[in-house]
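Taking it in order: structure first as structure tokens, then the write-up.
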Amino acid sequence: MKTNLKFGIATIILLSFLHWQCKDEDVFFPYGDDAIGFNFDWKNSTFDDLKTEEYTFEFDPHLYFEYTFPDFSRLTFDPSIFQLDISPSECSTVKAVVRRALVKKDMVANGVGTNSNNEILESSGMFYLEIFCNGKSVNLKPGAKYQIQIPVDQSNINPQVDLFYGEETRTGINWVEADKNPNNRLNVFFSEWEVDSFGLKTGITCFPERLKWVNCDYFLKFDSIDLTEACLIVSTNPGNDTITFNAYGVFKDYNAVLRPCCVKNSEKICFSALPIGQNVIYILIGKGKVDYYLGYVEKKVEKDEMTQIHCQKKTLQEVKDFISML
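Numbering (numbering that gives the first Met the number 0), first residue to last: 0 to 325.
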């Protein structure tokens with residue numbers, strides 16, 4: 000009898016303790032491992048509705064050609080720089096497809112960051128360019144170059160700016176120096192160009208020898224600042240939904256956005272090397288079968304931090320409005 004009484008009292012105390020614990024802690028909604036996933040591929044069609052405008056235009060690849068964007072950025076192609084597998088008469092016109100990410104909101108919308116291995120770049124502007132002849136993607140001839148001109152106020156031009164190419168990896172775009180030499184900047188110049196009746200524009204001219212992702216930028220130096228791993232923990236209620244998330248670390252003081260390095264489990268995704276003390280906005284954008292999900296936290300980077308982000312259902316327009324404010 001005494002044993003049963005003691006057991007009953009102990010059970011009541013234990014249940015009361017567990018109830019108190021649950022009341023005090025943050026609530027994580029229960030979900031299975033297949034309810035939430037993470038996306039690293041910028042080409043993934045899940046988030047196509049968020050991407051920036053895609054520009055398409057056609058031109059004769061055997062003649063000199065310029066294309067000027069609304070912000071006065073410009074692409075310039077010399078004659079006969081493309082590697083065509085067919086005769087010139089069979090490829091009298093090529094089609095260019097261009098997507099740009101000039102500022103942080105563009106990077107988040109397009110699912111790209113400024114990661115360069117474990118270093119961070121500040122971007123002056125990213126371009127994604129593909130050229131098609133009769134529906135088939137073509138490349139530049141070996142040694143051939145084209146020009147990208149990006150308007151930048153002279154007071155904001157960093158002398159360390161360099162040319163980078165984007166390599167598609169399992170964790171997204173990784174930027175590598177075009178010439179593999181940080182001391183050589185022969186493929187980037189500060190220049191002026193004339194835009195019809197708008198007069199002279201000043202900025203950066205880059206000379207890529209590759210198509211697809213190209214970036215004119217420079218390394219952010221955090222030499223005196225310790226770096227840390229930082230992880231985001233997803234808190235949401237998917238119900239019967241299946242949600243794919245994108246994660247970003249957006250720097251408040253630089254034109255820089257980091258993509259995460261790795262997924263630790265079904266609800267935790269991490270960045271490998273963030274500078275402690277820097278102001279960032281951690282963002283999670285999710286897409287379910289129909290609904291969008293959004294959560295963010297603005298804070299300073301802390302050592303070995305684990306930041307819980309509660310993501311709520313949002314409309315497509317609400318997510319776009321949020322991105323436009325970055």
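Glycine is no exception: its CB is placed at the ideal position from the N, C-alpha and C atoms. As the structure is a prediction and not an experimental result, all values here were calculated from the model.
Do you know how far the Cα of residue j is from the Cα of residue i?
i, j, result
"residue 394", "residue 260", "No information on residue 394 is available, as it lies outside the stretch 0 to 325 that the chain covers here."
"residue 255", "residue 263", "24 Å"
"residue 151", "residue 56", "24 Å"
"residue 138", "residue 156", "30 Å"
"residue 181", "residue 214", "15 Å"
"residue 287", "residue 236", "11 Å"
"residue 161", "residue 238", "47 Å"
"residue 356", "residue 229", "Nothing in the structure corresponds to residue 356, since the chain is present only between 0 and 325."
"residue 105", "residue 35", "25 Å"
"residue 147", "residue 323", "25 Å"
"residue 268", "residue 54", "33 Å"
"residue 206", "residue 118", "23 Å"
"residue 115", "residue 153", "25 Å"
"residue 128", "residue 62", "18 Å"
"residue 90", "residue 64", "15 Å"
"residue 174", "residue 166", "6 Å"
"residue 135", "residue 96", "12 Å"
"residue 280", "residue 297", "4 Å"
"residue 231", "residue 83", "46 Å"
"residue 211", "residue 300", "33 Å"
"residue 101", "residue 172", "15 Å"
Can you tell me whether residue i is buried or exposed? The criterion is at least 16 other CB atoms within 10 Å of its CB, across all chains shown.
i, result
"residue 266", "buried"
"residue 39", "buried"
"residue 60", "buried"
"residue 289", "exposed"
"residue 249", "buried"
"residue 285", "buried"
"residue 46", "buried"
"residue 388", "Here the chain covers residues 0 to 325 and nothing more, so residue 388 does not appear."
"residue 305", "exposed"
"residue 22", "Its pLDDT being 32, under 50, residue 22 is placed unreliably by the model, and nothing is read from it."
"residue 179", "exposed"
"residue 294", "buried"
Residue i by DSSP, collapsed to three states: which one?
i, result
"residue 45", "helix"
"residue 311", "strand"
"residue 115", "strand"
"residue 387", "Here the chain has residues from 0 to 325 only, and residue 387 is not among them."
"residue 320", "helix"
"residue 93", "strand"
"residue 262", "strand"
"residue 31", "Note that residue 31 scores 46 on pLDDT, short of 50, meaning its location in the model is unreliable; the coordinates nonetheless yield the value given after this. Coil."
"residue 123", "strand"
"residue 38", "coil"
"residue 107", "helix"
"residue 245", "strand"
"residue 223", "coil"
"residue 271", "strand"
"residue 86", "coil"
"residue 213", "strand"
Out of the options, which one is the CA nearest neighbour of residue i?
i, options, result
"residue 168", "275, 292, 258", "258"
"residue 99", "51, 84, 286", "51"
"residue 317", "49, 119, 249", "49"
"residue 223", "321, 71, 75, 277", "277"
"residue 130", "140, 122, 121, 123", "140"
Length-filtered (3 minimum) beta strand (DSSP E) runs lying within the region 128 to 208: Taking only runs of at least 3 residues, the beta strand (DSSP E) segments lying wholly in the region 128 to 208 are 135 to 139, 146 to 150, 161 to 168, 171 to 176, 187 to 193, 199 to 205.
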